[in-house]
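>
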Amino acid sequence: MSTEERTFIAVKPDAVQRGLVSKVIERFEVRGYKLVGIKIIQASKELLAKHYEEHVGKPFYPKMESFMSSGPIVAMCWEGKDVVKQGRSMLGATNPCSSAPGTIRGDFGIDLGRNVCHGSDSVESAKREIGLWFKDEELVNWTSNQAKWLQLGARLYSSVSKKHNAFHDAVVEGKKGPVAALALTVGGIVVGINAYKAADKSSGIRAIYSRDRNI
Numbered sequence: 001m002s003t004e005e006r007t008f009i010a011v012k013p014d015a016v017q018r019g020l021v022s023k024v025i026e027r028f029e030v031r032g033y034k035l036v037g038i039k040i041i042q043a044s045k046e047l048l049a050k051h052y053e054e055h056v057g058k059p060f061y062p063k064m065e066s067f068m069s070s071g072p073i074v075a076m077c078w079e080g081k082d083v084v085k086q087g088r089s090m091l092g093a094t095n096p097c098s099s100a101p102g103t104i105r106g107d108f109g110i111d112l113g114r115n116v117c118h119g120s121d122s123v124e125s126a127k128r129e130i131g132l133w134f135k136d137e138e139l140v141n142w143t144s145n146q147a148k149w150l151q152l153g154a155r156l157y158s159s160v161s162k163k164h165n166a167f168h169d170a171v172v173e174g175k176k177g178p179v180a181a182l183a184l185t186v187g188g189i190v191v192g193i194n195a196y197k198a199a200d201k202s203s204g205i206r207a208i209y210s211r212d213r214n215i
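Take 1 as the starting number for the sequence shown in full-length UniProt numbering and just add one per residue.
Pasting the structure below:
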């Protein structure tokens, strides 16, 4: 079930040095996620050992530890609907060479050892990692005005979508006569117009709705 979650995203030293922090932030912001914590940190070996505890002792760990402590990391906590799963999808495959174009790693990654970002792989991991990198007082609970636009866009799409399906059943499947089908279509248009007007004639809802629904 879709729920509001929090995830941990870290911009690694390679991406910080390449000036990609704003690019990563932009991807999450335009998707509609809310930033509730951010800081730049030089990670200690102790912190990295806790973060990557399942890898400590493996042959590749010393090299990974050296890289992750080679420069500053930008640690972030993002909040939103299914943000853990969707955040991983936005990052792309761990190996940038296998990441699809349009993902963060697919667009900016160089190789497996320089893959731009880390993202929590589960809700449980996110809670653990956020607790490692942030103190409770470093996370800010706030209400984003963007939320109402996203919710309105979803309601608008749902309403029009239902009317479209009803029209399809009425006309294509022949379940209703032409007059009833026309009434359903007009009803859908009216609902859409009323919801659109309720958006206070803002261009924000038009941009968000158009982007998210590919129209």
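Ideal placement from N, C-alpha and C gives every residue a C-beta, glycine not left out.
How far does the alpha helix (DSSP H) with TRP133 in it reach, from first residue to last?
Taking the sequence shown and counting its residues from 1, the one referred to as residue 133 is at position 133. That run of the alpha helix (DSSP H) goes 123-133.
> Can you tell me the Cα-Cα spacing of ILE82 and GLU29, whole angstroms?
On the sequence shown, residue 82 is found 82 positions in, with the first residue counted as 1. On the sequence shown, residue 29 is found 29 positions in, with the first residue counted as 1. Note that residue 82 corresponds to Asp in the displayed sequence, not to Ile. In this structure, the straight-line span from the alpha carbon of ASP82 to that of GLU29 is close to 14 angstroms.
> How big is the Cα-Cα spacing for ARG18 and LYS39?
Indexing the sequence shown from 1 puts residue 18 at position 18. Indexing the sequence shown from 1 puts residue 39 at position 39. Annotation: ARG18 to LYS39 spans about 17 angstroms, alpha carbon to alpha carbon.
> Go to VAL58, then tell me how far its alpha helix (DSSP H) extends in each direction, as first and last residue.
Along the sequence shown, read from residue 1 onward, the residue named residue 58 stands at position 58. Note that residue 58 is Lys in the sequence shown, not Val. Per DSSP, LYS58 belongs to no alpha helix (DSSP H) and is neither H nor E.
> Within the same chain, show all residues whose beta-carbon is closer than 6 angstroms to that of SER202, passing over the 5 residues directly before and after it, in chain order.
Taking the first residue of the sequence shown as 1, we reach residue 202 at position 202. Residue confidence for SER202 is low, a pLDDT of 47 falling below 50, so the modelled location carries little weight and cannot support an answer.
> Could you check what DSSP says for GLY109 in three-state terms: helix, strand or coil?
One-based indexing of the sequence shown puts residue 109 at position 109. Correct three-state label for GLY109: coil.
> Rounded to the nearest angstrom, what separates ALA100 and MET64 at their Cα positions?
By one-based count along the sequence shown, residue 100 stands at place 100. By one-based count along the sequence shown, residue 64 stands at place 64. Distance between the alpha carbons of ALA100 and MET64 is about 24 angstroms.
> Pop quiz: ILE104 and VAL36 are said to be a contact at Cβ under 8 angstroms. What is the actual Cβ separation, rounded to whole angstroms?
Here residue 104 corresponds to residue number 104 of the sequence shown, with the count starting at 1. Here residue 36 corresponds to residue number 36 of the sequence shown, with the count starting at 1. That belief does not hold up - the Cβ atoms of ILE104 and VAL36 are roughly 19 angstroms apart, past 8 angstroms.
> Considering only residues of the same chain and omitting the five flanking positions on each side of SER120, which have a CB-CB separation below 6 angstroms?
As a first step, residue 120 must be located in the sequence shown, where it is residue number 120. Contacts found: THR7, PHE8, VAL84, ALA126 and GLU129.
> Any idea if PRO59 is buried or exposed, counting beta-carbon neighbours within 10 angstroms, 16 or more meaning buried?
Translated into the one-based positions of the sequence shown, residue 59 becomes position 59. It is exposed - the Cβ of PRO59 has fewer than 16 other Cβ atoms within 10 Å.
> Taking the continuous alpha helix (DSSP H) assigned at ALA15, which residues delimit it?
As a position in the sequence shown, residue 15 is number 15, starting the count at 1. From DSSP, the alpha helix (DSSP H) with ALA15 extends over 13-17.
> Relative to the C-alpha of GLY106, which residue among GLY113, HIS55 and MET90 is closest?
The residue labelled residue 106 in the question sits at position 106 within the sequence shown. Residue MET90 is the option with its Cα nearest to GLY106.
> Quick one, which of THR143, ASN145, SER98 and GLY57 has its alpha-carbon nearest ASN115's?
As a first step, residue 115 must be located in the sequence shown, where it is residue number 115. Among THR143, ASN145, SER98 and GLY57, the Cα nearest to that of ASN115 belongs to SER98.
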